[in-house]
Amino acid sequence: MRSSSKLTRRTESMTEEIRNNDGVSFKHVLDIDSFTRSDIELVLENTSAMEEVLNRNIKKVPALRGKTIVTLFYEPSTRTRVSFEQAGKILSADVINVTDSTSSSSKGESLYNTVLTIQAMKADIIVIRHHHSGAPHFLARNLKSHVINAGDGAHAHPTQSLLDLYTIKKRLGSIDGKKVTIIGDLLYSRVARSNLWGLTKMGARVVLCGPQTLIPNDFLNGHRKQEGHPFASVEIESSVEKALDGADVVMALRLQRERQQAGHLPSLREYSQSYGINSQRLKLANKNALLMHPGPMNEGVEIEPDVAHGNQSVIEDQVTGGVAVRMSLLYTLAAGSDNEILPRP
4 MRSSSKLTRR
14 TESMTEEIRN
24 NDGVSFKHVL
34 DIDSFTRSDI
44 ELVLENTSAM
54 EEVLNRNIKK
64 VPALRGKTIV
74 TLFYEPSTRT
84 RVSFEQAGKI
94 LSADVINVTD
104 STSSSSKGES
114 LYNTVLTIQA
124 MKADIIVIRH
134 HHSGAPHFLA
144 RNLKSHVINA
154 GDGAHAHPTQ
164 SLLDLYTIKK
174 RLGSIDGKKV
184 TIIGDLLYSR
194 VARSNLWGLT
204 KMGARVVLCG
214 PQTLIPNDFL
224 NGHRKQEGHP
234 FASVEIESSV
244 EKALDGADVV
254 MALRLQRERQ
264 QAGHLPSLRE
274 YSQSYGINSQ
284 RLKLANKNAL
294 LMHPGPMNEG
304 VEIEPDVAHG
314 NQSVIEDQVT
324 GGVAVRMSLL
334 YTLAAGSDNE
344 ILPRP
(Lines of atoms letter the chains of each structure in order from A and count residues from 1; the text may use other names and numbers.)
(Lines give C-alpha, C1' and ligand atoms only; values in the text may rest on other atoms or scores of the structure.)
Protein backbone atom coordinates (compact mmCIF):
# COMPACT_ATOMS: atom_id res chain seq x y z
CA MET A 1 0.00 0.00 0.00
CA ARG A 2 1.21 3.46 -0.83
CA SER A 3 2.76 4.88 2.32
CA SER A 4 2.45 8.58 1.50
CA SER A 5 0.73 11.00 3.83
CA LYS A 6 -2.31 10.83 1.58
CA LEU A 7 -3.12 7.46 3.07
CA THR A 8 -1.80 7.93 6.57
CA ARG A 9 -3.32 11.25 7.61
CA ARG A 10 -6.27 10.79 9.91
CA THR A 11 -8.87 12.99 11.51
CA GLU A 12 -10.77 12.37 14.71
CA SER A 13 -13.93 14.13 13.51
CA MET A 14 -14.25 12.42 10.14
CA THR A 15 -16.94 10.10 11.41
CA GLU A 16 -19.41 10.27 14.23
CA GLU A 17 -17.98 8.94 17.50
CA ILE A 18 -20.02 6.56 19.61
CA ARG A 19 -18.90 5.45 23.06
CA ASN A 20 -19.86 2.04 24.37
CA ASN A 21 -20.31 1.08 28.01
CA ASP A 22 -16.56 0.58 28.39
CA GLY A 23 -15.91 4.16 27.35
CA VAL A 24 -14.04 3.14 24.21
CA SER A 25 -14.64 5.21 21.08
CA PHE A 26 -15.49 3.67 17.72
CA LYS A 27 -15.89 5.48 14.44
CA HIS A 28 -18.70 5.23 11.92
CA VAL A 29 -19.78 6.81 8.62
CA LEU A 30 -23.43 7.69 9.13
CA ASP A 31 -24.01 10.91 7.17
CA ILE A 32 -22.20 13.94 5.81
CA ASP A 33 -23.70 16.31 8.39
CA SER A 34 -21.03 15.23 10.90
CA PHE A 35 -18.18 15.88 8.45
CA THR A 36 -16.27 19.16 8.36
CA ARG A 37 -14.98 20.59 5.11
CA SER A 38 -11.47 19.44 5.99
CA ASP A 39 -12.80 15.94 6.67
CA ILE A 40 -14.35 15.80 3.21
CA GLU A 41 -11.18 17.12 1.62
CA LEU A 42 -9.17 14.41 3.36
CA VAL A 43 -11.48 11.67 2.08
CA LEU A 44 -11.30 13.06 -1.46
CA GLU A 45 -7.52 13.30 -1.29
CA ASN A 46 -7.25 9.69 -0.14
CA THR A 47 -9.71 8.68 -2.84
CA SER A 48 -7.37 10.05 -5.49
CA ALA A 49 -4.60 7.82 -4.15
CA MET A 50 -6.95 4.84 -4.11
CA GLU A 51 -7.89 5.47 -7.73
CA GLU A 52 -4.23 5.08 -8.61
CA VAL A 53 -4.47 1.55 -7.20
CA LEU A 54 -7.51 0.89 -9.40
CA ASN A 55 -5.51 1.91 -12.46
CA ARG A 56 -2.72 -0.58 -11.81
CA ASN A 57 -2.41 -3.81 -13.76
CA ILE A 58 -2.60 -5.75 -10.50
CA LYS A 59 -5.41 -4.25 -8.43
CA LYS A 60 -4.52 -5.73 -5.06
CA VAL A 61 -2.85 -4.28 -1.96
CA PRO A 62 -2.55 -5.80 1.55
CA ALA A 63 -3.84 -2.79 3.48
CA LEU A 64 -6.77 -4.61 5.14
CA ARG A 65 -5.39 -8.13 5.18
CA GLY A 66 -6.88 -9.97 8.15
CA LYS A 67 -9.88 -7.64 8.40
CA THR A 68 -13.47 -8.79 7.90
CA ILE A 69 -16.13 -6.64 6.27
CA VAL A 70 -19.78 -7.67 6.28
CA THR A 71 -22.19 -6.04 3.83
CA LEU A 72 -25.74 -6.29 5.12
CA PHE A 73 -28.31 -5.23 2.53
CA TYR A 74 -32.01 -5.17 3.37
CA GLU A 75 -32.81 -3.44 0.09
CA PRO A 76 -31.89 -4.43 -3.47
CA SER A 77 -28.64 -2.93 -4.71
CA THR A 78 -26.12 -3.53 -7.45
CA ARG A 79 -23.77 -0.54 -7.63
CA THR A 80 -23.35 0.12 -3.93
CA ARG A 81 -23.11 -3.49 -2.79
CA VAL A 82 -20.72 -4.55 -5.55
CA SER A 83 -18.53 -1.46 -5.13
CA PHE A 84 -18.15 -2.10 -1.40
CA GLU A 85 -17.32 -5.73 -2.10
CA GLN A 86 -14.77 -4.78 -4.74
CA ALA A 87 -13.27 -2.07 -2.51
CA GLY A 88 -12.79 -4.51 0.35
CA LYS A 89 -11.29 -7.22 -1.82
CA ILE A 90 -8.84 -4.87 -3.53
CA LEU A 91 -7.63 -3.93 -0.04
CA SER A 92 -7.31 -7.67 0.76
CA ALA A 93 -10.10 -7.77 3.35
CA ASP A 94 -12.38 -10.78 3.73
CA VAL A 95 -15.80 -9.65 2.51
CA ILE A 96 -19.02 -11.44 3.47
CA ASN A 97 -22.22 -10.46 1.70
CA VAL A 98 -25.55 -10.87 3.49
CA THR A 99 -28.88 -9.97 1.92
CA ASP A 100 -32.33 -9.81 3.44
CA SER A 101 -33.33 -13.09 1.80
CA THR A 102 -30.24 -14.92 3.06
CA SER A 103 -30.25 -13.53 6.60
CA SER A 104 -32.23 -14.86 9.56
CA SER A 105 -34.48 -11.80 9.33
CA SER A 106 -36.48 -13.81 6.81
CA LYS A 107 -37.23 -16.10 9.77
CA GLY A 108 -38.26 -13.24 12.03
CA GLU A 109 -34.94 -12.37 13.65
CA SER A 110 -34.55 -8.69 14.57
CA LEU A 111 -31.94 -6.49 12.94
CA TYR A 112 -30.17 -6.03 16.26
CA ASN A 113 -29.86 -9.77 16.92
CA THR A 114 -28.74 -10.42 13.36
CA VAL A 115 -25.88 -7.97 13.65
CA LEU A 116 -25.00 -9.14 17.17
CA THR A 117 -24.49 -12.55 15.63
CA ILE A 118 -22.25 -11.08 12.94
CA GLN A 119 -20.31 -9.13 15.53
CA ALA A 120 -19.78 -12.31 17.55
CA MET A 121 -17.98 -13.56 14.46
CA LYS A 122 -15.55 -10.62 14.92
CA ALA A 123 -16.52 -8.51 11.91
CA ASP A 124 -14.46 -5.32 11.82
CA ILE A 125 -16.77 -3.24 9.65
CA ILE A 126 -20.49 -3.59 8.95
CA VAL A 127 -21.85 -1.91 5.84
CA ILE A 128 -25.63 -1.66 6.03
CA ARG A 129 -28.41 -0.59 3.71
CA HIS A 130 -31.85 -0.58 5.28
CA HIS A 131 -35.32 0.63 4.38
CA HIS A 132 -35.78 2.23 7.82
CA SER A 133 -34.19 5.64 8.36
CA GLY A 134 -31.86 5.59 11.34
CA ALA A 135 -31.01 1.87 11.23
CA PRO A 136 -27.24 2.52 10.85
CA HIS A 137 -27.32 4.96 13.78
CA PHE A 138 -29.02 2.32 15.91
CA LEU A 139 -26.28 -0.18 15.12
CA ALA A 140 -23.53 2.37 15.77
CA ARG A 141 -24.93 3.07 19.22
CA ASN A 142 -25.12 -0.58 20.17
CA LEU A 143 -22.27 -2.42 18.45
CA LYS A 144 -18.50 -2.42 18.69
CA SER A 145 -17.89 -2.85 14.96
CA HIS A 146 -17.46 0.16 12.70
CA VAL A 147 -20.68 0.96 10.83
CA ILE A 148 -20.98 2.48 7.36
CA ASN A 149 -24.35 3.69 6.14
CA ALA A 150 -24.93 2.48 2.58
CA GLY A 151 -28.35 4.12 2.47
CA ASP A 152 -31.14 4.25 5.05
CA GLY A 153 -34.68 4.95 3.94
CA ALA A 154 -35.10 8.48 2.64
CA HIS A 155 -32.58 9.76 5.18
CA ALA A 156 -28.99 9.56 3.92
CA HIS A 157 -26.50 8.03 1.50
CA PRO A 158 -23.14 9.49 2.57
CA THR A 159 -20.86 7.40 0.35
CA GLN A 160 -22.85 8.41 -2.75
CA SER A 161 -22.44 12.05 -1.79
CA LEU A 162 -18.69 11.63 -1.35
CA LEU A 163 -18.27 9.96 -4.74
CA ASP A 164 -20.32 12.74 -6.35
CA LEU A 165 -18.10 15.35 -4.71
CA TYR A 166 -15.02 13.47 -5.86
CA THR A 167 -16.28 13.33 -9.45
CA ILE A 168 -17.00 17.07 -9.50
CA LYS A 169 -13.66 18.02 -8.00
CA LYS A 170 -11.73 15.69 -10.29
CA ARG A 171 -13.42 17.04 -13.43
CA LEU A 172 -13.74 20.74 -12.54
CA GLY A 173 -10.76 21.17 -10.24
CA SER A 174 -12.83 22.52 -7.36
CA ILE A 175 -16.35 22.58 -5.96
CA ASP A 176 -16.29 25.99 -4.30
CA GLY A 177 -18.46 28.50 -6.14
CA LYS A 178 -19.78 26.02 -8.70
CA LYS A 179 -23.49 26.08 -9.50
CA VAL A 180 -24.93 22.61 -8.98
CA THR A 181 -28.51 22.07 -10.13
CA ILE A 182 -30.31 19.03 -8.72
CA ILE A 183 -33.51 18.00 -10.49
CA GLY A 184 -36.05 15.33 -9.61
CA ASP A 185 -37.53 13.56 -6.61
CA LEU A 186 -35.97 15.65 -3.86
CA LEU A 187 -38.51 14.76 -1.19
CA TYR A 188 -37.71 11.05 -0.97
CA SER A 189 -34.11 11.07 -2.19
CA ARG A 190 -31.49 10.14 0.40
CA VAL A 191 -28.87 11.04 -2.20
CA ALA A 192 -30.20 14.60 -2.40
CA ARG A 193 -30.19 15.02 1.37
CA SER A 194 -26.58 13.88 1.74
CA ASN A 195 -25.50 15.94 -1.26
CA LEU A 196 -27.10 19.04 0.22
CA TRP A 197 -24.79 18.67 3.21
CA GLY A 198 -21.72 17.83 1.16
CA LEU A 199 -22.13 20.44 -1.56
CA THR A 200 -22.97 23.33 0.75
CA LYS A 201 -20.09 22.48 3.09
CA MET A 202 -17.76 22.53 0.10
CA GLY A 203 -19.01 25.96 -0.97
CA ALA A 204 -21.16 25.07 -3.97
CA ARG A 205 -24.19 27.10 -5.00
CA VAL A 206 -27.02 24.57 -4.91
CA VAL A 207 -30.25 24.99 -6.86
CA LEU A 208 -33.11 22.52 -6.42
CA CYS A 209 -35.76 21.98 -9.06
CA GLY A 210 -38.67 19.58 -9.34
CA PRO A 211 -42.42 19.19 -8.96
CA GLN A 212 -43.74 21.16 -5.99
CA THR A 213 -45.07 17.93 -4.49
CA LEU A 214 -41.52 16.53 -4.39
CA ILE A 215 -39.71 19.51 -2.82
CA PRO A 216 -38.78 18.97 0.87
CA ASN A 217 -39.81 22.44 2.03
CA ASP A 218 -40.34 21.45 5.68
CA PHE A 219 -36.90 19.84 5.82
CA LEU A 220 -35.18 22.82 4.23
CA ASN A 221 -37.07 25.54 6.09
CA GLY A 222 -36.44 23.89 9.45
CA HIS A 223 -32.70 24.18 8.90
CA ARG A 224 -32.87 27.61 7.29
CA LYS A 225 -34.11 29.08 10.56
CA GLN A 226 -30.78 28.20 12.15
CA GLU A 227 -28.36 31.10 11.88
CA GLY A 228 -25.41 30.33 9.63
CA HIS A 229 -26.77 26.95 8.54
CA PRO A 230 -25.35 25.75 5.18
CA PHE A 231 -28.87 25.20 3.80
CA ALA A 232 -29.64 28.92 4.11
CA SER A 233 -27.98 29.40 0.72
CA VAL A 234 -29.93 26.65 -1.07
CA GLU A 235 -32.18 27.98 -3.84
CA ILE A 236 -35.46 26.46 -5.00
CA GLU A 237 -36.48 27.10 -8.61
CA SER A 238 -39.74 25.97 -10.19
CA SER A 239 -38.58 26.67 -13.75
CA VAL A 240 -36.23 23.99 -15.07
CA GLU A 241 -34.89 26.46 -17.64
CA LYS A 242 -33.89 28.97 -14.95
CA ALA A 243 -32.47 26.21 -12.77
CA LEU A 244 -30.24 24.99 -15.62
CA ASP A 245 -29.10 28.43 -16.73
CA GLY A 246 -25.34 28.68 -16.21
CA ALA A 247 -25.10 25.45 -14.22
CA ASP A 248 -21.67 23.85 -13.85
CA VAL A 249 -23.15 20.54 -12.76
CA VAL A 250 -26.56 19.06 -13.59
CA MET A 251 -27.59 16.19 -11.35
CA ALA A 252 -30.76 14.28 -12.22
CA LEU A 253 -32.32 12.08 -9.55
CA ARG A 254 -34.16 8.84 -10.05
CA LEU A 255 -37.90 9.32 -10.18
CA GLN A 256 -39.31 6.54 -8.04
CA ARG A 257 -42.25 5.16 -9.96
CA GLU A 258 -44.21 4.48 -6.79
CA ARG A 259 -44.52 8.26 -6.37
CA GLN A 260 -46.83 8.32 -9.38
CA GLN A 261 -49.05 5.75 -7.70
CA ALA A 262 -49.05 7.85 -4.52
CA GLY A 263 -50.45 10.80 -6.46
CA HIS A 264 -47.34 12.98 -6.44
CA LEU A 265 -47.20 12.99 -10.25
CA PRO A 266 -49.86 12.80 -12.96
CA SER A 267 -47.65 10.64 -15.21
CA LEU A 268 -44.04 9.81 -16.01
CA ARG A 269 -44.53 11.29 -19.46
CA GLU A 270 -45.60 14.62 -18.02
CA TYR A 271 -42.63 14.60 -15.67
CA SER A 272 -40.26 13.95 -18.56
CA GLN A 273 -41.78 16.78 -20.58
CA SER A 274 -41.47 19.22 -17.68
CA TYR A 275 -38.23 18.17 -15.99
CA GLY A 276 -36.44 15.59 -18.13
CA ILE A 277 -32.91 16.46 -19.28
CA ASN A 278 -32.58 16.49 -23.06
CA SER A 279 -29.97 17.98 -25.37
CA GLN A 280 -31.80 21.29 -25.74
CA ARG A 281 -32.17 21.81 -22.01
CA LEU A 282 -28.58 20.82 -21.33
CA LYS A 283 -27.46 23.62 -23.67
CA LEU A 284 -28.79 26.09 -21.09
CA ALA A 285 -26.06 24.99 -18.70
CA ASN A 286 -22.41 25.94 -19.12
CA LYS A 287 -20.74 24.56 -22.23
CA ASN A 288 -18.65 22.07 -20.27
CA ALA A 289 -21.22 21.31 -17.58
CA LEU A 290 -21.16 17.85 -16.07
CA LEU A 291 -24.23 15.61 -16.25
CA MET A 292 -24.62 13.28 -13.28
CA HIS A 293 -27.06 10.65 -12.04
CA PRO A 294 -26.68 8.44 -8.94
CA GLY A 295 -28.40 5.48 -10.59
CA PRO A 296 -30.31 3.43 -11.28
CA MET A 297 -31.50 5.61 -14.12
CA ASN A 298 -34.83 5.56 -15.95
CA GLU A 299 -33.66 6.52 -19.44
CA GLY A 300 -36.22 8.58 -21.28
CA VAL A 301 -37.74 9.82 -18.03
CA GLU A 302 -35.06 11.67 -16.05
CA ILE A 303 -32.53 11.86 -18.90
CA GLU A 304 -32.81 11.19 -22.61
CA PRO A 305 -30.54 8.30 -23.76
CA ASP A 306 -28.42 10.39 -26.15
CA VAL A 307 -27.60 12.82 -23.35
CA ALA A 308 -27.05 10.11 -20.73
CA HIS A 309 -24.37 8.57 -22.93
CA GLY A 310 -23.06 11.83 -24.38
CA ASN A 311 -19.79 13.69 -23.93
CA GLN A 312 -20.95 15.66 -20.90
CA SER A 313 -22.11 12.62 -18.97
CA VAL A 314 -19.87 11.51 -16.10
CA ILE A 315 -22.18 8.76 -14.89
CA GLU A 316 -19.58 6.05 -15.53
CA ASP A 317 -17.01 8.16 -13.68
CA GLN A 318 -19.34 8.15 -10.69
CA VAL A 319 -19.36 4.35 -10.67
CA THR A 320 -15.56 4.14 -10.85
CA GLY A 321 -15.17 6.85 -8.24
CA GLY A 322 -17.56 4.95 -5.99
CA VAL A 323 -15.10 2.07 -5.65
CA ALA A 324 -12.22 4.43 -4.85
CA VAL A 325 -14.24 6.43 -2.30
CA ARG A 326 -15.31 3.28 -0.50
CA MET A 327 -11.72 2.02 -0.51
CA SER A 328 -10.72 5.30 1.12
CA LEU A 329 -13.37 5.02 3.83
CA LEU A 330 -12.70 1.35 4.58
CA TYR A 331 -9.00 2.07 4.84
CA THR A 332 -9.49 5.08 7.09
CA LEU A 333 -11.77 3.19 9.46
CA ALA A 334 -9.83 -0.06 9.73
CA ALA A 335 -6.17 0.53 8.95
CA GLY A 336 -3.22 2.88 9.08
CA SER A 337 0.22 3.01 7.55
CA ASP A 338 2.03 -0.29 7.18
CA ASN A 339 -1.21 -2.16 7.92
CA GLU A 340 -1.26 -0.88 11.50
CA ILE A 341 -4.71 -0.78 13.07
CA LEU A 342 -5.82 2.76 13.81
CA PRO A 343 -5.21 3.51 17.51
CA ARG A 344 -8.35 4.04 19.52
CA PRO A 345 -8.38 7.29 21.49
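Take the position in the sequence shown, starting the count at 1, then add 3; the result is the number in the numbering used here. For each residue, glycine too, the CB sits at the ideal point set by N, CA and C.
Euclidean distance between Cα positions of residue i and residue j
{"i": "histidine 160", "j": "asparagine 60", "result": "31 Å"}
{"i": "glycine 137", "j": "glycine 156", "result": "8 Å"}
{"i": "glycine 180", "j": "alanine 207", "result": "5 Å"}
{"i": "leucine 389", "j": "leucine 202", "result": "Because the chain spans 4 through 348 in this model, residue 389 falls outside it and cannot be assessed."}
{"i": "isoleucine 171", "j": "glutamine 276", "result": "27 Å"}
{"i": "alanine 96", "j": "leucine 271", "result": "43 Å"}
{"i": "aspartate 309", "j": "valine 322", "result": "19 Å"}
{"i": "proline 233", "j": "lysine 204", "result": "7 Å"}
{"i": "arginine 40", "j": "tryptophan 200", "result": "10 Å"}
{"i": "serine 236", "j": "glycine 249", "result": "17 Å"}
{"i": "tyrosine 115", "j": "isoleucine 99", "result": "18 Å"}
{"i": "leucine 350", "j": "glycine 187", "result": "The structure shown does not extend to residue 350, since the chain spans only 4 to 348, so no value can be given for it."}
{"i": "leucine 217", "j": "glycine 176", "result": "32 Å"}
{"i": "leucine 57", "j": "serine 331", "result": "12 Å"}
{"i": "leucine 247", "j": "serine 37", "result": "30 Å"}
{"i": "aspartate 127", "j": "lysine 63", "result": "20 Å"}
{"i": "threonine 102", "j": "aspartate 251", "result": "38 Å"}
{"i": "glutamine 163", "j": "tyrosine 334", "result": "17 Å"}
{"i": "lysine 125", "j": "glutamate 44", "result": "31 Å"}
{"i": "lysine 245", "j": "aspartate 320", "result": "27 Å"}
{"i": "glutamine 315", "j": "leucine 146", "result": "43 Å"}
{"i": "valine 130", "j": "isoleucine 185", "result": "27 Å"}
{"i": "glycine 426", "j": "leucine 285", "result": "Given that the chain is displayed from residue 4 to residue 348, the structure contains no residue 426 and the question cannot be resolved."}
{"i": "leucine 165", "j": "isoleucine 178", "result": "12 Å"}
{"i": "glutamate 273", "j": "lysine 30", "result": "45 Å"}
{"i": "phenylalanine 87", "j": "threonine 50", "result": "14 Å"}
{"i": "lysine 173", "j": "aspartate 167", "result": "10 Å"}
{"i": "glycine 324", "j": "tyrosine 169", "result": "7 Å"}
{"i": "asparagine 220", "j": "arginine 68", "result": "46 Å"}
{"i": "glutamine 1", "j": "leucine 223", "result": "Past the boundaries of the shown model lies residue 1; the chain is included only from 4 to 348, so the question cannot be answered."}
Assumed close pair residue i, residue j - CB separation to whole angstroms, cut-off 8 Å
{"i": "alanine 66", "j": "leucine 47", "result": "Going by Cβ atoms, the distance from alanine 66 to leucine 47 rounds to 18 Å, so no, they are not a contact pair."}
{"i": "valine 304", "j": "leucine 258", "result": "6 Å"}
{"i": "leucine 256", "j": "serine 192", "result": "5 Å"}
{"i": "aspartate 300", "j": "alanine 311", "result": "Correcting the residue identity first, residue 300 is methionine in this sequence and not aspartate. About 6 Å separates the two Cβ atoms, so the contact holds."}
{"i": "serine 197", "j": "isoleucine 35", "result": "5 Å"}
{"i": "valine 253", "j": "isoleucine 280", "result": "6 Å"}
{"i": "valine 194", "j": "proline 79", "result": "Their Cβ separation, rounded to whole angstroms, is 16 Å, which puts valine 194 and proline 79 out of contact at 8 Å."}
{"i": "arginine 144", "j": "tyrosine 77", "result": "Not really, about 18 Å apart at Cβ, beyond 8 Å."}
{"i": "glutamate 54", "j": "alanine 327", "result": "4 Å"}
{"i": "alanine 52", "j": "arginine 329", "result": "With 8 Å as the limit, alanine 52 and arginine 329 do not qualify as a contact, their Cβ atoms being about 14 Å apart."}
{"i": "histidine 140", "j": "leucine 33", "result": "6 Å"}
As assigned by DSSP and simplified to three states, the class of residue i
{"i": "leucine 293", "result": "strand"}
{"i": "methionine 330", "result": "helix"}
{"i": "arginine 311", "result": "Correcting the residue type first, residue 311 is alanine in the shown sequence and not arginine. It is helical."}
{"i": "threonine 102", "result": "strand"}
{"i": "serine 277", "result": "helix"}
{"i": "serine 37", "result": "helix"}
{"i": "valine 253", "result": "strand"}
{"i": "glutamate 305", "result": "coil"}
{"i": "serine 316", "result": "strand"}
Residue-chain proximity (residue i, chain C), Cβ-Cβ < 8 Å
{"i": "glycine 187", "result": "In the structure shown, chain C cannot be found, because there is only a single protein chain."}
| Which runs of the beta strand (DSSP E) fall wholly inside the region 50-100 and span at least 3 residues, in chain order? | If we require 3 residues or more, the beta strand (DSSP E) runs fully inside the region 50-100 come out as 71-76.
| At a cut of 8 Å, does the region 147-154 reach the region 69-86 through at least three beta carbon pairs? | Cβ pair count under 8 Å is three or more, so yes.
| query | Considering only residues of the region 200-251, which uninterrupted beta strand (DSSP E) runs meet the minimum length of 3 residues and lie entirely inside it, listed in chain order? | reply | Here the runs fully enclosed are 208-212.
| request: Please list the segments of the beta strand (DSSP E) lying wholly inside the region 112-192, counting only runs of 3 or more residues, in order along the chain. | output: Here the runs fully enclosed are 128-133, 149-155, 182-186.
| Stretch-stretch touch, CB-based, cutoff 8 Å, three pairs: the region 236-246 with the region 207-221 | With a cut-off of 8 Å on Cβ pairs, the region 236-246 is in contact with the region 207-221, counting three or more such pairs.
| said: Whether or not the region 79-92 and the region 120-127 are in contact is what I'm after, with contact meaning three or more pairs of Cβ atoms, one per stretch, closer than 8 Å; do they touch? | reply: Taking a contact to require three or more Cβ pairs closer than 8 Å, the region 120-127 and the region 79-92 do not qualify as touching.
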